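For the sequence shown, the positions run 2 to 214 when our numbering is used.
C-beta atoms are modelled at their ideal positions from N, C-alpha and C, and glycine is treated no differently.
Owing to the predicted nature of the structure, the values given are computational and were not obtained by experimental measurement.
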Amino acid sequence: MNIPENAVLHILVLDFDTLGCEETSASGFSRNGCRVLSTKHRRVGKALGLRIAGFDQMVKARVSEVSGADVVVRFEFDEAENTEKRSERRRRVSIPAWVSGQNSREGLRCEIVDASPSGCRLASYQMENLPADIQLQIAGLDLPVVGKIVWRSPEYAGVKLIWKFTSGREFDEKRLQAPSGAGETGAKPKPSAKPKPKRTSDNSGFGVRRTKD
């Protein structure tokens, strides 16, 4: 990857267990991994999704080492469309989202009320009107997540999440450049506004943060 060794890039980290997003920075990029700076994810072996500017999809990574306030992560490209299958458990969460048919702008606001790496449960009063194949726009993440409704009731729907990660080939071919003017502190690209649920633009270039009700 064509990134200066001392460049610090702004990234977004997705926690697959809770579908929560964390904005932070990373440095020391290579084909194998990078160093995530000051992250709350400090459990060796934990799987994460990294949203790196310049890629159309997330990079799957795993914490391999904890070093002071930072962690070293290794990129995983094998079975890139799969997530964790080891002893999943649902976690109670409260995340606003927008759900619609795939490639459709027509949809409805909902709330993710529990989550695991491979699925989640949505709460809304109009679930019966949704198609089986959906996409979720999660607060804090500017990439839609593809899903399939496996069960539903008038107020809830169980969704299987179908993650799409960047491949090793794309990673090798992509000449990822540091943002113009980026040095030791990096430079943040301008945000792109999207009319999605309960969110406001920030200056990170990675969509939005949750708003407080």
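Item, Value
"So S95 and D18 are in contact, right, with Cβ under 8 Å, and what is the actual spacing, rounded?", "That pair is no contact at about 15 Å."
"Output the boundary residues of the beta strand (DSSP E) element that contains Q138.", "134 to 139"
"Is A133 buried or exposed, if buried means 16 or more other CB atoms sit within 10 Å of its CB?", "exposed"
"Compute the beta-carbon to beta-carbon distance between G159 and G120, rounded to the nearest angstrom, for a pair I have assumed lies under 8 Å.", "7 Å"
"With 16 other CB atoms within 10 Å as the buried threshold, where does A140 fall?", "buried"
"Please specify which runs of the alpha helix (DSSP H), each continuous and at least 4 residues long, are wholly inside the region 47 to 108, giving them in chain order.", "none"
"Which word fits S28, buried or exposed, when buried means at least 16 other C-beta atoms lie within 10 angstroms of its C-beta?", "buried"
"Just how far apart, CA to CA, sit N67 and F76?", "Per the sequence shown, residue 67 should be read as Val rather than Asn. Going from the Cα of V67 to the Cα of F76 covers about 15 Å."
"Quick one: what does DSSP say R170 is sitting in, helix, strand or coil?", "helix"
"With DSSP collapsed to three states, give me the class of E24.", "strand"
"Figure out for me which residue from K149, L38, K165 has the closest Cα to the Cα of V73.", "L38"
"In the DSSP assignment, what residue or residues form a beta bridge with Y157?", "A124"
"When the Cβ atoms of the region 58 to 66 are set against those of the region 148 to 167, are three or more pairs found closer than 8 Å?", "yes"
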